[in-house]
Amino acid sequence: MSGRASLLGLLVATVLARPALGEDLAVIVHAGRDTRLTVEQVARIYLKQRRFWDDGEPIVPVNRDSGSAAREAFVRRVFGANARLLVVYWNRQYFQGVLPPATLASDEAMKRFVAGERLAIGYVHPSVVDDSVRAVLHLRDPSLSSP
Numbered sequence: 062m063s064g065r066a067s068l069l070g071l072l073v074a075t076v077l078a079r080p081a082l083g084e085d086l087a088v089i090v091h092a093g094r095d096t097r098l099t100v101e102q103v104a105r106i107y108l109k110q111r112r113f114w115d116d117g118e119p120i121v122p123v124n125r126d127s128g129s130a131a132r133e134a135f136v137r138r139v140f141g142a143n144a145r146l147l148v149v150y151w152n153r154q155y156f157q158g159v160l161p162p163a164t165l166a167s168d169e170a171m172k173r174f175v176a177g178e179r180l181a182i183g184y185v186h187p188s189v190v191d192d193s194v195r196a197v198l199h200l201r202d203p204s205l206s207s208p
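Residue numbers for the sequence shown follow my numbering, beginning at 62 and rising by one.
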């Protein structure tokens with residue numbers, strides 16, 4: 062019985078730790094970076110079609126871990142697709158020498174990385190945003206929008 066209780070507790074903790082697909086996301090950059098971005102610009106950055114900030118410095122996009130609810134929500138809002146569909150894109154890019162963005166396992170890790178790396182861009186749940194990073198775009202869940 063204790064094995065079932067432990068498994069149930071682990072499953073509940075896993076579900077609670079992941080943001081729901083219906084939640085909003087904030088695209089974040091280093092607090093010292095003064096920029097605004099559109100969804101289209103973010104898409105080009107994450108496809109590595111736009112590689113430099115306006116000041117000429119390279120952009121370092123960072124994704125959440127594959128299969129995470131945050132990444133699925135990001136891909137749906139930015140690309141209008143399922144994250145698995147981007148696998149084909151990245152397979153083609155790989156053979157041209159272009160690697161996909163690195164990944165981080167949590168919102169806190171994402172925020173810490175972006176706060177410490179002036180060139181980085183990432184995304185987190187809006188509640189995680191503080192003065193150490195700057196939100197440059199809010200990705201709202203369209204199903205939660207009023208008609």
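Note that the Cβ used here is the ideal one computed from N, Cα and C, for glycine as well.
* Asked: How do the stretch 172-183 and the stretch 110-126 stand: do at least 3 beta-carbon pairs fall below 8 Å, yes or no?
  -> yes
* Would you call the stretch 138-153 and the stretch 170-178 in contact, with 3 or more CB pairs under 8 Å? -> no
* Asked: In terms of alpha-carbon separation, which member of His91, Leu147, Asp85 lies closest to Val194?
  -> His91
* What does a CB cutoff of less than 7 Å around Arg105 pick up in its chain, not counting 5 residues either side in sequence? -> Arg111
* Grouping DSSP H, G and I as helix and E and B as strand, with all else coil, what is Ala81? -> Residue confidence is low: Ala81 scores 43 on pLDDT, short of 50, so the model does not pin down where it sits. No coordinate-derived value is stated.
* Asked: Exposed or buried, what is Asp217 when buried is set at 16 or more other beta-carbons lying within 10 Å of its beta-carbon?
  -> There is simply no residue 217 to check, as the chain begins at 62 and stops at 208 in what is shown.
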